[in-house]
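See structure below.
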Amino acid sequence: MKKLNVKILVVIVTILLSGCFAGKTMPQNQYLFAVNYPSQSTAAVNKVAIEIKPLVSLPQFTSNEFLYRLSTYNYITDYYNEFLVPASQQITNVSVEFLSRQGWTSYIKSDTSPYQQADYVLMGTIVGLYADYRISSQPKAILAIHYVFYKDKKDRNHILLDKVYTQAVPLQAKSTQALITAWNAGLTTIM
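Mind the numbering: the sequence shown is residues 31 to 221 in the numbering used here, read in order.
So, in structure tokens, the structure goes:
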């Protein structure tokens, strides 16, 4: 019985002390998109009101952690590198800012703006957001957004655009900085 108590005590002490000697964990790095917006334009005469619905993501792209595709069916997440704000929220904000700078809109309604009846509605879904490492010598940053743009009518909706915009930007290096730089370039091109 005494041997059993000693063994239990050794196990408990080992468990308690293991936290003291485990060392520090690596810090998480958090990133935001940074898009090069066009200059503000005011040339349009017939301006329209647009409602931009908050973007959503397919389930596999909802995590804030960066996602790496290693093969056709193998993906891994990166606990140490993630978006500070969910990508869908960031891209919604980028869409609002981009359209407001174009000059052909009189009003952009988003979830943070006051109510006004919109002439058109823009919806989007992130259908791809990952680093593609399937070909080790040619890594790419993948960003794909499905946008639907339609005229808002009370009786029916008239779809004007239903398109997936995809960018596969080659990475300059296999690094997190190169990945976020490539995603930024892809998002700027899509906008």
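Beta carbons are placed, not taken as given, at the ideal position from N, Cα and C, and that holds for glycine. Fair warning: this is a prediction, and the values are worked out from it, not measured in the lab.
Whole-number beta carbon distance between residue j and residue i, since they are thought to touch under 8 Å
i: ILE114; j: ILE156; result: One point to set straight first is that residue 114 is Leu, not Ile, in the sequence displayed. No, LEU114 and ILE156 are not in contact; Cβ-Cβ is about 16 Å, not under 8 Å.
i: LYS170; j: ALA203; result: About 12 Å separates the two Cβ atoms, so there is no contact after all.
i: MET221; j: VAL65; result: 6 Å
CA-to-CA distance, residue j to residue i, given in whole angstroms
i: ALA161; j: ILE80; result: 32 Å
i: TYR61; j: LEU191; result: 31 Å
i: GLN168; j: PHE128; result: 31 Å
i: ASP149; j: SER166; result: 47 Å
i: TRP213; j: PRO200; result: 10 Å
i: TYR103; j: GLY216; result: 24 Å
i: MET153; j: ILE38; result: 60 Å
i: GLN70; j: TRP134; result: 11 Å
i: VAL86; j: LEU173; result: 14 Å
i: TYR118; j: PRO84; result: Sequence inspection shows Ser at residue 118; the Tyr mentioned does not correspond to that position. Going from the Cα of SER118 to the Cα of PRO84 covers about 7 Å.
i: LYS193; j: HIS176; result: 6 Å
i: TYR105; j: ASN59; result: 20 Å
i: THR219; j: ILE42; result: 57 Å
i: ASN94; j: LYS77; result: 36 Å
i: ILE189; j: VAL178; result: 7 Å
i: PRO116; j: GLN147; result: 28 Å
i: VAL124; j: PHE63; result: 9 Å
i: SER101; j: LEU159; result: 15 Å
C-beta contact flag for residue i and residue j at 8 Å
i: TYR195; j: ARG99; result: no
i: TYR67; j: ARG131; result: yes
i: ASN111; j: THR206; result: yes
i: PHE91; j: LEU209; result: no
i: ILE82; j: ILE138; result: yes
i: ASP182; j: VAL151; result: yes
Cutoff 8 Å: residue i Cβ touching any chain B Cβ
i: ASN59; result: Given the protein chain composition of this structure (a single chain), no chain B is represented.
Distance cut-off 7 Å: residue i Cβ against heavy atoms of the ligand FMN
i: ILE172; result: The model depicted lacks the ligand FMN and carries no ligand whatsoever.
In the region 95–127, which residue ranges form an unbroken alpha helix (DSSP H) of at least 4 residues, counting only runs that do not cross its ends? As far as the region 95–127 is concerned, it has no whole alpha helix (DSSP H) run of at least 4 residues.
Counting only runs that start and end within the region 131–213, where is the alpha helix (DSSP H) found for 4 or more residues in a row? Runs of the alpha helix (DSSP H) inside the region 131–213: none found.
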